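One structure below.
In full-length UniProt numbering, the protein residues as written are 1 to 185.
This is the structure we're talking about:
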């Protein structure tokens with residue numbers, strides 16, 4: 001699948017209608033999601049034929065991108081049941097078979113590394129300090145191959161578009177600088 005085709009399909013996905021600020025719910029836009037997964041697959045061979053878990057999957061964007069790029073099996077995990085309903089609908093609309101699990105990542109209990117690749121856009125830790133590191137710590141225990149994760153920074157070139165979702169947001173949209181990290185356990 002070509003990068004622009006992947007980005008176009010991801011652009012058609014339904015996103016949060018009532019995001020929860022306490023969960024730091026921001027949709028992973030189609031531009032950054034397509035590039036993250038395209039790089040994971042075409043540079044490192046980390047998606048096609050692999051078992052991929054999308055931690056904090058929200059509306060399913062990263063997991064759906066993984067399925068579209070040929071993942072053998074995709075598992076989306078989120079603590080918010082409403083997000084999982086949207087993710088399920090998004091996957092069904094594209095006729096993709098993805099398992100969604102309603103679970104707090106901290107209570108996951110997986111430790112056997114049956115997952116090859118973890119992809120995630122974890123909470124940045126602006127509401128609950130250290131939540132991004134909790135996600136990363138668990139992902140490194142679960143993934144046998146690699147973890148691809150977006151993390152907030154003020155010094156890098158990747159930009160994450162954050163639309164005006166909450167009352168305290170003053171601007172219609174703002175770019176947040178993020179790093180894409182690839183970790184190999």
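Glycine residues also receive a C-beta, built at the ideal position from the N, C-alpha and C atoms.
The model shown is predicted, which means the values in this text are computed figures rather than measured ones.
Straight-line gap, residue 79 to residue 13 (C-alpha atoms, nearest Å): 20 Å
Which value, in whole angstroms, describes the spacing of the CA atoms of residue 142 and residue 184? 11 Å
By DSSP, does residue 80 sit in helix, in strand, or in coil? coil
So what's residue 168 in DSSP terms, helix, strand or just coil? coil
To the nearest angstrom, report how far apart residue 131 and residue 95 are at their CA atoms. 33 Å
Nearest to residue 6 (by Cα), restricted to the options 17, 38, 18: 38
By the 10 Å Cβ neighbour count, where 16 or more other Cβ atoms means buried, how is residue 156 classified, buried or exposed? Since pLDDT at residue 156 reaches only 46, below the 50 mark, its modelled position is unreliable, and the value read off the structure follows with that caveat. The residue is exposed, with fewer than 16 neighbouring Cβ atoms inside 10 Å.
Threshold first: 4 residues or longer. Then list the alpha helix (DSSP H) segments lying entirely within the stretch 18-49, N to C. 30-44
Compute the Euclidean distance between the alpha carbons of residue 26 and residue 18, then round it to the nearest angstrom. 11 Å
Quick check on residue 120: buried or exposed, where buried means 16 or more other Cβ atoms within 10 Å of its Cβ? buried
Compare the C-alpha of residue 73 against each of 47, 82, 92 and name the closest. 47
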